[in-house]
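Written below as structure tokens is the structure these notes are about.
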Amino acid sequence: MFLLRCPKCGNQMKYSPSGSLDGKKKRCVYCGRTFTVHSNIEKSTIIRKI
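Just so you know, the numbering used here puts 111 at position 25 of the sequence shown, and the rest follows in order with no gaps.
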């Protein structure tokens with residue numbers, strides 16, 4: 087499980103992916119924006135692993 091930060095509103099949310107992170111998308115539960123979850127650390131919205 088990962089802790090993600092929305093690039094639009096900055097809120098944090100939990101994300102539990104099934105399989106690898108390549109091409110996964112997450113919708114923000116606060117503002118509704120859909121963003122890609124990158125495994126690349128420079129493009130990543132992942133804050134830390136829980």
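We put the beta carbon where it would ideally sit given N, CA and C, even for glycine.
Because the structure is a prediction, the values reported are computed rather than measured.
Open item on the list: For Ser106 and Lys135, what's the separation of their Cα atoms in angstroms?
Closed with: 14 Å
Task: Cys92 classed as buried or exposed, judged by whether at least 16 other C-beta atoms fall within 10 angstroms - done: buried
Open item on the list: Do Val123 and Leu89 count as a contact pair if the criterion is CB distance below 8 Å?
Closed with: no
Task: Alpha carbon of Ser102 to alpha carbon of Gly96, nearest angstrom - done: 19 Å
Task: Beta-bridge partners of Arg113, as assigned by DSSP - done: Thr120
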